[in-house]
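Asker: For reference, the structure I am asking about is given below.
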Amino acid sequence: MLGYLSSPFKWFFKLEAAGGLLLLISAIIALIVSNSNYSEIYFNTFQEYIFIGFNNFGMKLSLLHWINDALMAIFFFFVTLEIKREFIQGELSSVKQALLPIIAAVGGMLVPALIYIYININNPETLNGWAIPSATDIAFSIGVLSLLGSRVPISLKVFLTALAIIDDLGAIIIIAFFYAGDLSLKYLGLLLLIFVLLLILNRFEVKRFLPYLIFGLLLWFFTHESGIHSTIAGVLLACTIPHRKKEHDFSLLVKIE
């Protein structure tokens, strides 16, 4: 009976467009609820604080921050793994192919920012928001792309995914340099130390995921405490996961994916 009831869900989640459909449905529901009589309950729910840890060791953040800082870091980790594999032995493995999404992402950040500056040049109050139009919503970009399924060539999917990731990273860097509050040098130093240790693991081709997971959690914590957006931790961790051309389907990166 349970297997019979679960079969439609299994069928749905096997679809390539499943993630994109869930994202769009969730977005529509969120828009409706947030503009309904239940909007206060909706927004208050995201402000509820949740403690994750053991005894007194852990972190207490609002549900909104757990989503934006923790779950999005995991999302960035997986999409960066995918793009890293493409840079090493896929659609972006040549310099010429790799430059295209990089140049497109830079243009995608600069042009909207310049248009915003031009429109608001005489309004100092709104001029400071020039970085807002420079960011791409990577989750929606990839979600909408997945709805098209096999009708979109793999090369185009890889290009658009790489463009969205690079664009988002650029936006994170802009926020870190121009909009972040006081950065903690202590935690920035610890962040760099953990990143170096992860690079050492990569250099010695450590194939077990557990050391990367432990250092990755520390990397995320130090990134969060440093004042930089936590999603950058997912990107940095993914960059240190070992993958060699000769390993093909046996590398740690492919196993994680």
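Counting with full-length UniProt numbering, you get residues 1 to 257 for the letters of the sequence shown.
Note that the Cβ used here is the ideal one computed from N, Cα and C, for glycine as well.
#1: Is it buried or exposed, D69, if we count other Cβ atoms within 10 angstroms and call 16 or more buried?
#2: Would you decide whether P211 is buried or exposed? Buried here means 16 or more other CB atoms lie within 10 Å of its CB.
#3: Taking DSSP as the reference, what is the three-state secondary structure of Y212?
#4: Assign D158 to one of two classes, buried (16 or more other C-beta atoms within 10 Å of its C-beta) or exposed (fewer than that).
#5: Let's see if you can read the secondary structure: which residues bound the alpha helix (DSSP H) around S155?
#6: Just curious, the alpha helix (DSSP H) that L183 is in, first and last residue?
#7: What's the call for D182, buried or exposed, on a 16-neighbour Cβ count within 10 Å?
#8: Locate the beta strand (DSSP E) running through K60, then write down its first and last residues.
#9: Comparing alpha-carbon positions, which option in L100, V95 and I241 lies nearest L160?
#10: With a cut-off of 8 Å, do at least 3 Cβ pairs link the stretch 230 to 237 to the stretch 71 to 88?
#11: In terms of alpha-carbon separation, which member of I67, L31 and I29 lies closest to Q47?
#12: For V111, count neighbouring Cβ atoms within 10 angstroms of its own Cβ and tell me buried if that reaches 16, exposed if not.
#13: Can you name the residues that DSSP bridges to G53?
#14: Cα-Cα, which of Y116, F204, L198 and A98 is closest to L217?
#15: Taking the alpha helix (DSSP H) that K96 belongs to, which residues open and close that run?
#16: Could you tell me if L191 is buried or exposed, where buried requires 16 or more neighbouring beta carbons within 10 angstroms of its beta carbon?
#17: Grouping DSSP H, G and I as helix and E and B as strand, with all else coil, what is T136?
#18: Label I119 either buried or exposed according to how many other C-beta atoms from any shown protein chain fall within 10 Å of its C-beta, with 16 as the threshold for buried.
#19: Whole angstroms are fine: how far does the CA of I132 sit from the CA of I103?
#20: Does K84 come out as helix, strand or coil in the three-state DSSP assignment?
#21: Looking at C-alpha atoms only, which residue of V152, A164, V33 and R151 is the closest neighbour of S141?
Answerer: Reading from the atomic positions:
#1: By the neighbour-count rule (16 or more Cβ atoms within 10 Å), D69 is buried.
#2: Its Cβ having fewer than 16 others within 10 Å, P211 is exposed.
#3: Reduced to three states, the DSSP call for Y212 is helix.
#4: In the sequence under discussion, the amino acid at residue 158 is Val, which differs from the Asp named in the question. Buried is the call here.
#5: Per DSSP, S155 belongs to the alpha helix (DSSP H) from I154 to I174.
#6: Here L183 belongs to no alpha helix (DSSP H), and DSSP marks it neither H nor E.
#7: D182 comes out exposed.
#8: Run containing K60: F57 to S62, per the beta strand (DSSP E) assignment.
#9: Distances from the alpha-carbon of L160 to those of L100, V95 and I241 put L100 closest.
#10: Cβ pair count under 8 Å is three or more, so yes.
#11: Of I67, L31 and I29, the residue nearest in Cα terms is I67.
#12: In summary, V111 is exposed, with fewer than 16 beta-carbon neighbours lying within 10 Å of its beta-carbon over all protein chains present.
#13: G58, per the DSSP bridge assignment.
#14: The residue among Y116, F204, L198 and A98 with its C-alpha nearest the C-alpha of L217 is L198.
#15: K96 -> alpha helix (DSSP H) spans V95 to I119.
#16: Within a 10 Å sphere around the beta-carbon of L191 sit 16 or more other beta-carbons, which makes this residue buried.
#17: Coil.
#18: That one is exposed.
#19: Within the model, the alpha-carbon separation for I103 versus I132 is close to 19 Å.
#20: K84 falls in the helix class under three-state DSSP.
#21: For S141, the nearest C-alpha among the options comes from A164.
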